[in-house]
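The next block holds one structure in the form of structure tokens; read it before the comments.
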Amino acid sequence: MDKRELYDGLSNLEEDLKNSLGQLSEMKAALQEIVEKNTTLELENQKLREYLQELEREAAPVPSETKQEMSKSRMNLGKIYEDGFHICRESYGARRENDEQCVFCLEVLYRESQN
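The opening position of the sequence shown corresponds to residue 1 in full-length UniProt numbering, with each subsequent residue numbered one higher.
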């Protein structure tokens with residue numbers, strides 16, 4: 001190898017290294033952008049998860065709200081029913097035979113109030 005070929009080889013290697021260094025710098029910048037974007041998205045996801053949990057807690061029924069208490073009139077009807085009498089429209093006031101359950105009476109007693 002003569003000096004000219006050696007010099008040209010080193011010049012080509014230098015150019016290749018400069019190109020590689022430029023590509024490496026571009027890749028580093030792109031990676032930095034990706035890392036920043038990823039961090040931003042992770043923070044946003046965490047905030048959204050917390051917000052979703054808050055919404056779910058607000059939407060979840062509170063046990064005291066879900067348990068409906070009977071009105072006084074229904075409690076009175078319940079007492080009459082327990083004493084063995086019908087409270088349904090079909091047989092109101094009639095004695096229940098053998099204290100058998102009456103679906104009509106139970107419907108009157110436990111149906112949800114219509115507003």
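We put the beta carbon where it would ideally sit given N, CA and C, even for glycine. Bear in mind that the values here come from a model prediction, so they are computed numbers and not experimental data.
Three-state class that DSSP yields for residue i in the structure shown
{"i": "R57", "result": "helix"}
{"i": "residue 132", "result": "The displayed coordinates of the chain run from 1 to 115. Any statement about residue 132 would go beyond what the structure contains."}
{"i": "R96", "result": "coil"}
{"i": "L13", "result": "helix"}
Unbroken alpha helix (DSSP H) run spanning residue i, endpoints
{"i": "T102", "result": "Note on identity: in this sequence residue 102 is Cys, with Thr being the wrong assignment. Per DSSP, C102 belongs to no alpha helix (DSSP H) and is neither H nor E."}
{"i": "I80", "result": "K72 to E82"}
Beta-carbon spacing of residue i, residue j below 7 angstroms
{"i": "R74", "j": "G84", "result": "no"}
{"i": "I87", "j": "C105", "result": "yes"}
{"i": "L55", "j": "G78", "result": "no"}
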